[in-house]
Amino acid sequence: MLYQHKKEFFGVLLIVLLAVVVGLWLISDRPVVEIIKAEKEMFLDKEDFYVSTDNGTIKVGESSWEDIKKLFPGGKMLGMSTIYQSKDGDCLFTFSEDENLLVIMHIESGDYATARGIKIGDSFARISEKYGPDCARVIMPNKAEDFDLVYGGEDNIVFQIRDNVVKRIVLEKEL
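When you line the sequence shown up against the working numbering, it's residues 1 to 175, in that order.
See below:
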């Protein structure tokens with residue numbers, strides 16, 4: 001009887017060790033992104049987190065779920081989370097759990113621009129012109145034209161650049 005339990009124990013131990021070794025091998029084979037930190041942090045104004053729409057202004061860090069639902073009727077909540085998706089799927093809005101305020105906005109359409117006028121489809125050069133050089137860069141491995149620009153600190157704006165063109169904008173404001 002004791003022999004049977006030892007055999008089962010060692011069998012389970014062997015499976016766990018094998019899974020750990022395979023897992024470590026898989027993650028060690030992934031390419032690593034390069035992160036270049038900003039020389040100095042760029043402080044963004046409250047207004048940098050405002051996005052104008054045809055129906056009104058979105059204020060990341062200030063707008064409530066009710067405000068966003070009025071601006072984007074017909075959207076839907078994703079699962080049982082705090083994420084609301086616009087009807088066309090071109091914007092995602094994440095709300096704080098306690099205050100129910102907008103804390104993150106993902107823009108994936110050229111219909112919306114940041115307060116400084118950057119929108120989907122703009123060039124990397126235009127971002128540099130409007131926001132300046134003080135940003136962190138996250139560069140994708142083996143693809144110099146694919147990177148993210150991060151402006152700000154705790155509150156930040158991220159421009160996802162693919163083939164030197166803005167593909168996504170994320171505005172994030174800590175409460």
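Even glycine gets a Cβ: it sits at the ideal position worked out from N, Cα and C. Note that the structure is a prediction, hence the values are computed from the model and not measured.
Checklist entry - Straight-line CA distance for E62 to K87? => result As a working note, residue 62 is residue 62 in the sequence shown. As a working note, residue 87 is residue 87 in the sequence shown. One Cα belongs to E62, the other to K87, and the distance between them is close to 22 Å.
Checklist entry - Run through DSSP, which three-state label would L71 get? => result Counting from one through the sequence shown, the residue named residue 71 turns up at place 71. DSSP places L71 within a helical segment (H, G or I) once states are collapsed to three.
Checklist entry - In chain order, what residues of the same chain lie with their CB nearer than 6 Å to the CB of K167, ignoring the 5 residues before and after it? => result Counted from its first residue, the sequence shown places residue 167 at position 167. Contacts found: Q160.
Next on the checklist: Only counting the same chain, and skipping five residues up and downstream in sequence, which positions put a Cβ closer than 7 Å to that of E34?
Outcome noted: Residue mapping note: residue 34 aligns to position 34 of the sequence shown, counting from 1. I139, listed in sequence order.
Checklist entry - For I68, does the count of other Cβ atoms within 10 angstroms reach 16, so buried, or fall short, so exposed? => result As a first step, residue 68 is located in the sequence shown; it is residue number 68 there, counting from the start. In this structure I68 is buried. Its beta-carbon is surrounded by 16 or more other beta-carbon atoms within 10 angstroms.
Next on the checklist: Give me the residue from G89, K70, D90 and E97 with the minimum Cα distance to M80.
Outcome noted: Along the sequence shown, one-based indexing puts residue 80 at 80. Relative to M80, the option among G89, K70, D90 and E97 whose CA is nearest is E97.
Checklist entry - Are the beta-carbon atoms of V51 and L102 separated by less than 8 Å? => result Numbered from 1 along the sequence shown, position 51 holds the residue referred to as residue 51. Numbered from 1 along the sequence shown, position 102 holds the residue referred to as residue 102. No, the pair does not count as a contact, with Cβ atoms beyond the cut-off.
Item to check | Candidates E145, L171, V165 and C135: closest to M42 by CA position | outcome: Within the sequence shown, residue 42 is the residue found at index 42, counting from 1. Ranking E145, L171, V165 and C135 by Cα distance to M42 puts C135 first.
Next on the checklist: On the DSSP letters alone, give me the boundaries of the beta strand (DSSP E) that R116 sits inside.
Outcome noted: Looking up residue 116 in the sequence shown gives position 116. Boundaries for R116: no beta strand (DSSP E) harbours it, and the DSSP string shows neither H nor E there.
Checklist entry - Around the C-beta of N55, are 16 or more other C-beta atoms found within 10 angstroms, so that it is buried, or is it exposed? => result By one-based count along the sequence shown, residue 55 stands at place 55. Classified as exposed, N55 has fewer than 16 neighbouring CB atoms from the shown chains inside 10 Å of its CB.
Checklist entry - Is it the case that the Cβ atoms of I36 and R162 are separated by a distance below 8 Å? => result Within the sequence shown, the letter at position 36 stands for residue 36. Within the sequence shown, the letter at position 162 stands for residue 162. Cβ atoms of I36 and R162: not closer than 8 Å.
Item to check | Span of the beta strand (DSSP E) around E172 | outcome: By one-based count along the sequence shown, residue 172 stands at place 172. Unbroken beta strand (DSSP E) run through E172: V165 to E172.
Checklist entry - Where does the unbroken alpha helix (DSSP H) through A125 begin, and where does it stop? => result Looking up residue 125 in the sequence shown gives position 125. Segment F124 to Y131, the alpha helix (DSSP H) holding A125.
Item to check | For F49, three-class secondary structure by DSSP | outcome: Start at 1 with the first residue of the sequence shown, and residue 49 comes out as number 49. F49: helix per DSSP, three-state reduction.
Checklist entry - Quick one, which of K46, T53 and F93 has its alpha-carbon nearest S64's? => result Here residue 64 refers to the residue found at position 64 of the sequence shown. Sorting K46, T53 and F93 by C-alpha distance to the C-alpha of S64 places F93 at the top.
Checklist entry - Quick one, which of D122, E66, C91 and K173 has its alpha-carbon nearest N100's? => result Taking the sequence shown and counting its residues from 1, the one referred to as residue 100 is at position 100. Among D122, E66, C91 and K173, the Cα nearest to that of N100 belongs to E66.
Checklist entry - Where V150 and A125 are concerned, what is the direct C-alpha to C-alpha distance, given to the nearest angstrom? => result Here residue 150 refers to the residue found at position 150 of the sequence shown. Here residue 125 refers to the residue found at position 125 of the sequence shown. About 15 Å.
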